[in-house]
Structure formats: structure tokens, C-alpha cells
Amino acid sequence: MPKQVVPERARRRRRPTRQGSVLSETLIVHTALRVLREHGSTGLTARRLGTALGADPSTLYRYFAGMDDLTRAIGEELMGRALDDWTATGDWQADLRALGLAIHSSYLAHPQAAVLTASRVTGRPREIAVDEAILGVLRDAGFPDATAVRVYHAFIDASLAFAALDAGSLALTDEARATDEEMWNSTYATLPADTHPHIAATARLLAARMTHSAYPVVLDTLLNDAAARLTTAAAPARLTAGRSPGSSARTGVNRRA
Numbered sequence: 005m006p007k008q009v010v011p012e013r014a015r016r017r018r019r020p021t022r023q024g025s026v027l028s029e030t031l032i033v034h035t036a037l038r039v040l041r042e043h044g045s046t047g048l049t050a051r052r053l054g055t056a057l058g059a060d061p062s063t064l065y066r067y068f069a070g071m072d073d074l075t076r077a078i079g080e081e082l083m084g085r086a087l088d089d090w091t092a093t094g095d096w097q098a099d100l101r102a103l104g105l106a107i108h109s110s111y112l113a114h115p116q117a118a119v120l121t122a123s124r125v126t127g128r129p130r131e132i133a134v135d136e137a138i139l140g141v142l143r144d145a146g147f148p149d150a151t152a153v154r155v156y157h158a159f160i161d162a163s164l165a166f167a168a169l170d171a172g173s174l175a176l177t178d179e180a181r182a183t184d185e186e187m188w189n190s191t192y193a194t195l196p197a198d199t200h201p202h203i204a205a206t207a208r209l210l211a212a213r214m215t216h217s218a219y220p221v222v223l224d225t226l227l228n229d230a231a232a233r234l235t236t237a238a239a240p241a242r243l244t245a246g247r248s249p250g251s252s253a254r255t256g257v258n259r260r261a
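Residue numbers (our numbering): 5 to 261.
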């Protein structure tokens, strides 16, 4: 039977930890982010986290149902930080671009945590608030619900997919990452034109481009496509609104004349 998490009021420690802190979900999550930064995405354990907190590892289970529950809380923290850094302006396309970049940046600020959490659905309040904000921007812009959901799906998956991809590179050792990036010059740039004409022709451009994230380009493409769909969907409505009763949709001739 799953362990029951103790309610907030009942689980709060009356005494500080050995480090002088009073445990809370927030403190545990923030400490977990530090442990992940120091030990990598596979290095987060209850024992290691307990040591970092100055508390017995078993104390963690008064706050979280298990390490998987803690993982979801870490993901929610990263998503919530993105929302904290974002303010809606009323321009739906600019607002979604800003929020997408904020999500991407929040995860890349903690690459080891991003690798661990980007694929998770937390179902926690701050993640839900982000989802509500995205759908609200789209629906307020005039997207029909089915289209709003499709755009939301593409938007959030692209944001988190690139967060995981780019975080994976940042989580590498400096040496490994430098070796990967140099490959564009040391290998691709040396391929002969007679066997690899397209790579040879674009080698310099590839070397300059491929060490940067493609997320901003993909995000702009996604939002531009959504804007075009919104314009197309709105056109028939404008025509219908400007047509007098009884007029023909094809010729504009009043059939009653």
C-alpha cells in the first residue's frame, strides 16, 4: 500500500535540522536542485539528500510519497519559475514566445534536473497554472478550442523536448561537450565535396549554427503557423458577418432582387 504523505501542519519539524533549517517542501526541492547540480541526474538519492539537508533520510517521506513524487515536485518548481519570470501583454504571439523562452531558460538553468523531469507530468499547482495560462492566451486570441489544444500540445512538447535535448548537452562534462561541438570543424568541415557535396558546401554555416539551440527557430515557426491558421479561420467569419441576409456566398448577388 502506498505510503501516505503527512499533511503539511502535521509534518513540519519542530526542531531545526543539524544545519539549523526547518524542513519544508520548498527547502527539500531547492536542496535537491543543488544535489542534482553537483551529482548529476542519477545522483539524487534519499541518503544523499538527507545528508545535504542535515536530516535523517527517512524524514523526506513525511513530505513526499517517494523519490518519484519529489521528482515531480522538482519539475513543478522549474515550470513555476518560468511562470514567475513571465508577464502577459495581450499580444498572444509575443506572449507565447516569451513564455516558451522562459520555460526553456528555466530548465537549462538546472540541466541535470531538466534531464530528470522534462518528460514528466506533475499535475501540481504551478504546472497547472502554466497550462492554464497557455490555453487562456490561445482562447482569448480567438482560437477555437480544438485548435487551441493542438497548438498548446505542440507548444509545450516542443518547449520541453528542446529543454531536455539542450540540457542533455549542458549536463555533459566540459570536455565531452567541447569534443562534440568541435566535431563540426574537425570532421564535418573536412568531408570532401566529391563524396559529400551538400555538407561540404554548408560546412562553415553548419559549424556556426549547430552549437546553438534550434528552439527559438522552431518556436517562431510554430507560432507563425498558428497565426496563419488563426487568420485563415477568421476570414470566413468576417465574410459571413459582412454579408447581408439572402445574399449568395458565391456571387454576392442578392437572390431576392
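Backbone N, C-alpha and C fix where the C-beta goes; we use that ideal spot for every residue, glycine too. Remember, it's a predicted structure, so these values are computed and weren't measured experimentally.
As summarised for the region 142-205, the continuous alpha helix (DSSP H) elements at least 4 residues long and confined to that stretch are 149-174 and 178-190, given in chain order. Assignment of TYR67 by DSSP, reduced to helix, strand and coil, places it in the coil class. Taking 7 angstroms as the cut-off, the beta carbon of ILE78 is found no closer than this to the beta carbon of ALA133. Note on ALA98: under 16 other CB atoms within 10 angstroms of its CB, so exposed under the neighbour-count rule. A direct Cα-to-Cα measurement between THR75 and GLU42 gives close to 16 angstroms. Under the three-pair Cβ rule at 8 angstroms, the region 150-158 does not count as touching the region 208-220. Bounds of the alpha helix (DSSP H) holding LEU105 are 96-112.
With a threshold of 16 other beta carbon atoms within 10 Å, LEU120 meets it and is buried.
Going by DSSP, ARG41 is part of the alpha helix (DSSP H) stretching over 29-43. THR46 and GLY54 do not touch by the CB rule: their CB atoms are close to 17 angstroms apart, not below 8 angstroms. Taking the C-beta atoms as reference points, GLU131 is found no nearer than 7 angstroms to GLU81. Just so you know, the alpha carbons of ALA180 and ARG52 end up roughly 26 angstroms apart.
Assignment of MET214 by DSSP, reduced to helix, strand and coil, places it in the coil class. The three-state secondary structure of SER123, taken from DSSP, is coil. Taking the CA atoms as reference points, LEU234 sits about 15 angstroms from ASP224. In the structure shown, the three-state DSSP call for ASP60 is coil.
Counting C-beta atoms within 10 angstroms of its own C-beta, ALA117 has 16 or more neighbours from the protein chains shown and is therefore classed as buried.
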